[in-house]
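In full-length UniProt numbering, the protein residues as written are 1 to 76.
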């Protein structure tokens, strides 16, 4: 249910040490030869573009328009 999912995500986020500071240090300050098995090359299954910038996404063919309607563009 939704309540359980929210609590689960909240607990997961609270369990990250130092609010994720170590991830940034590990990703950006680790030498390339030591990064191969750390999983930094993982890609999401879904990409949400909230800025409306499609130039790079269209060039790499990761963007696809939805066949669903957008609804009204103005509030009634």
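Glycine included, each C-beta is placed from N, C-alpha and C at the ideal position.
Inset, instruction - Kindly indicate which three-state DSSP category residue 40 falls into: helix, strand or coil? - result: coil
Legend entry - Span separating the alpha-carbon of residue 64 from that of residue 42: 20 Å
Inset, instruction - Determine the direct distance from the alpha carbon of residue 25 to that of residue 35, and round the result to whole angstroms. - result: 12 Å
Inset, instruction - Leaving out five residues on either side along the sequence, give the residues of the same chain with a beta carbon under 6 Å from the beta carbon of residue 69. - result: none
Inset, instruction - For residue 40, I'd like the list of residues in its chain whose CB is within less than 8 Å of its CB, leaving aside the five on either flank, ordered along the chain. - result: 27
Inset, instruction - Along the alpha helix (DSSP H) that carries residue 8, what are the first and last residues, could you check? - result: 2-14
Legend entry - Range covered by the alpha helix (DSSP H) that runs through residue 69: Here residue 69 belongs to no alpha helix (DSSP H), and DSSP marks it neither H nor E.
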